[in-house]
Amino acid sequence: MRRDVFQAIADPTRREIIGLLANKSLTLNGVAENFEISRPAISKHIKILTECGLVIIKQQGRERFCAVDFNRLKEVAEWVTQYHRFWNEKLDALGSFLEGE
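Note that the sequence shown covers residues 1 to 101 in full-length UniProt numbering.
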């Protein structure tokens, strides 16, 4: 099942995992050590992040390392940008209106 990047970032735990992996690649156990939820729960979150393409798992010897692929966040950035422009225009109009008062 291919998941949507918006599904992945909708969950706060998955957003934390992305933030954690933004700094360095970690093993699954290394990721799990940073959370107070079970290792199987972390594995499920990693699976969802992998299915949407945000996390890539690389085998190095016996270890599996997780790394973030920020290219998939481009879709989110583009979506947010359209609303950023929208709100900037609205706030600029409000500022002009208030200055005219």
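Cβ coordinates follow ideal geometry from the N, Cα and C atoms, glycine included.
Nothing here was measured: the structure is a model prediction, and the numbers come from that model.
Which class does residue i belong to by DSSP, given the choice of helix, strand or coil?
i      : result
Ile37  : coil
Leu54  : coil
Glu78  : helix
Glu89  : helix
Glu101 : coil
Quick check on this structure: which residue in the options has the alpha carbon closest to the alpha carbon of residue i?
i     : options                       : result
Gly53 : Pro12, Asn71, Glu89 and Ile37 : Asn71
Asp4  : Leu73, Gly61 and Gln59        : Leu73
Ala41 : Glu75, Leu94, Asp11 and Asp69 : Asp11
Ile56 : His84, Ala93 and Asp69        : Asp69
Sort out for me which residues DSSP pairs residue i with in a bridge.
i     : result
Leu26 : Cys66
Gln7  : In DSSP, Gln7 forms no bridge with anything.
Gln59 : Arg64
Our contact map puts residue i next to residue j with C-beta atoms below 8 Å; I'd like the distance itself, whole angstroms only.
i     : j     : result
Arg14 : Ala8  : 5 Å
Phe6  : Val80 : The pair is not a contact, with the Cβ atoms about 11 Å apart (cut-off 8 Å).
Item to check | the region 48-60 / the region 11-26 touching (three or more Cβ pairs under 8 Å) | outcome: The region 48-60 is in contact with the region 11-26.
Item to check | Inter-stretch contact at 8 Å, needing at least 3 Cβ pairs: the region 53-67 / the region 25-42 | outcome: Yes: the two stretches touch, three or more of their Cβ pairs being nearer than 8 Å.
Checklist entry - Counting pairs of beta carbons, one from the region 29-42 and one from the region 81-90, are three or more of them closer than 8 Å? => result The answer is no - the region 81-90 does not touch the region 29-42, with fewer than three Cβ pairs under 8 Å.
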